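Protein chains: 2
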Amino acid sequence: MKQNLSETCHLFFSTLSNPTRLAILELLRNGPRNVSEISEALNQEQSMISHNLKPLERCGFVFSERKKKQRFYSLNKETMEQLFKMFNYHAKKFCPTEGKCLTTRELQEQKKKNASNLLYVNRY
Amino acid sequence: MKQNLSETCHLFFSTLSNPTRLAILELLRNGPRNVSEISEALNQEQSMISHNLKPLERCGFVFSERKKKQRFYSLNKETMEQLFKMFNYHAKKFCPTEGKCLTTRELQEQKKKNASNLLYVNRY
DNA sequence: TCTTCATATGAATATTATTTCATTTGTTAG
DNA sequence: CTAACAAATGAAATAATATTCATATGAAGA
C-alpha cells in the first residue's frame with residue numbers, strides 16, 4: 000500500500016468535505032444532470048455549481064459529457080456508492096448513539112435543523 | 000441508504016481532509032502512540048496534535064485509552080484500512096496518468112516536492 | 001457570421017479552518 | 001497535599017477555502 004497518505008489523500012477527501020459538492024453527488028445518484036439542472040435543483044448560482052463541479056471531476060468522482068450546448072455530469076458510481084456505503088456502515092457502528100458523537104448542545108441544534116444524523120457538527 | 004449525504008457526510012470527510020490529521024492516521028497504522036510520541040514523530044506542537052486528535056476521535060477514526068499520565072491513541076483499523084484501500088483503488092483506476100488529474104504546472108510543482116502522487120494539488 | 005443560450009473562469013470578498021501560544025485540567029508519585 | 005509531567009482547552013492570529021458577481025468562452029441554430 001502506498002505511503003504518505005497525508006499527502007496523497009488530501010485532495011481526495013477535501014473535495015468531499017464540502018456541503019455543496021456532497022449535495023451535487025447526492026443529486027447525481029438519481030442520474031446525470033446538466034449544470035443548469037443541478038443549479039436549479041440545489042437552488043445555487045450556476046457559477047458556484049461550475050466551480051464545485053471542477054474539483055469533483057478532477058478527482059474522478061463525476062464524469063462529464065457534452066450534449067449540444069449543455070454539459071451533463073454523471074456520478075462515478077463505482078467509487079461513490081462504495082464510499083457512501085462505507086460511511087453508513089461506519090456511522091452505524093462507531094457513532095451509534097447520540098451521546099457518543101455529539102455534545103448535548105450540538106444535538107439540540109441538530110434537532111432544530113430537523114436533521115437526524117450524527118456526524119454533521121462543527122469540528123472542535 | 001440514508002438520504003441527505005450533503006449533511007451527514009460532511010464532518011466525516013472534512014475530518015479526513017487535513018494533512019496533519021492524515022499524518023496522524025498514517026502514523027497510527029504502526030501501532031498505538033501517546034500524544035507526545037505523535038508530537039515528536041510528526042515534529043508538531045503538542046497542542047496542535049491534541050487539537051487534531053479530537054475530531055479524529057469524535058468521528059471514530061481513532062480510539063483512545065489512558066495509561067498512567069499518558070493517553071494512547073490507536074487507529075480504527077476496520078474503517079481506515081478499508082478507506083485507504085478504496086482510495087488507492089480509485090486513484091489507480093480513475094487518475095492513472097499524470098495528465099488526467101493534474102495540469103502541467105501542478106505536476107512540475109509536485110515533482111519539485113519529490114512527491115509522486117496524483118491527487119495532492121490545489122483544488123481550483 | 002451573428003445571436004442566443006449554456007457553461008466556465010477570474011478576482012474580490014466573505015467565510016471557515018488551522019495554527020500558535022498561554023493557560024488549565026488531570027494524573028501520578030513522593 | 002504538592003510537585004512534576006502529560007494532555008486538553010481557549011482565544012487571537014493566520015491561512016485556506018468558498019462564494020459572489022462580472023465577464024469570457026464555447027456551441028449551435030438562424
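Which chain is which? The protein sequence lines are A and E, in order. Reading the first sequence from the start, the letters are residues 0 to 123 in numbering that gives the first Met the number 0. Reading the second sequence from the start, the letters are residues 0 to 123 in numbering that gives the first Met the number 0. Beta carbons are placed, not taken as given, at the ideal position from N, Cα and C, and that holds for glycine. In this text the structure is predicted, and so the values were computed from the model without any measurement.
The distance from the Cβ of Thr78/A to that of Phe12/E is about 13 Å, inconsistent with a contact at the 8 Å cut-off. Contact between Met85/A and Leu10/E is absent: CB atoms are separated by about 15 Å, not below the 8 Å threshold.
For Pro18/E, the chain A residues whose C-beta falls within less than 8 Å of its own C-beta are Ser5, Glu6, His9, listed in chain order.
Under the three-state reduction of DSSP output, Lys84/A falls in the helix class. Here the stretch 22–32 of chain E does not lie against the stretch 35–54 of chain A, with fewer than 3 beta-carbon pairs under 8 Å apart. Taking the Cα of Phe60/A as reference, the smallest distance to any Cα among Leu26/A, His89/A, Gln43/A is reached at Leu26/A. Listed along chain A, the residues sitting closer than 7 Å to Gln81/E by beta-carbon distance are Met85. For the alpha helix (DSSP H) assignment, the uninterrupted runs of no fewer than 4 residues enclosed by the stretch 2–44 of chain E are, from N- to C-terminal side, 4–7, 9–15, 18–27, 34–41. By the 16-neighbour rule on beta-carbons within 10 angstroms, Tyr72/A is buried.
In this structure Arg20/A is buried. Its beta-carbon is surrounded by 16 or more other beta-carbon atoms within 10 angstroms.
At least one beta carbon of chain E lies nearer than 8 Å to the beta carbon of Glu25/A.
Buried is the label assigned to Glu6/A, since at least 16 other Cβ atoms lie within 10 Å of its Cβ. At the C-beta level, Leu41/E and Leu74/E stay beyond 8 Å of one another. Here Phe93/A carries a helix assignment [DSSP, helix/strand/coil]. Taking C-beta atoms under 8 Å as the contact rule, Arg70/A and Ser63/A qualify, at a distance of about 5 Å.
Of the candidates Arg28/A, Lys68/A, Lys91/A, Arg28/A places its Cα closest to the Cα of Lys76/A.
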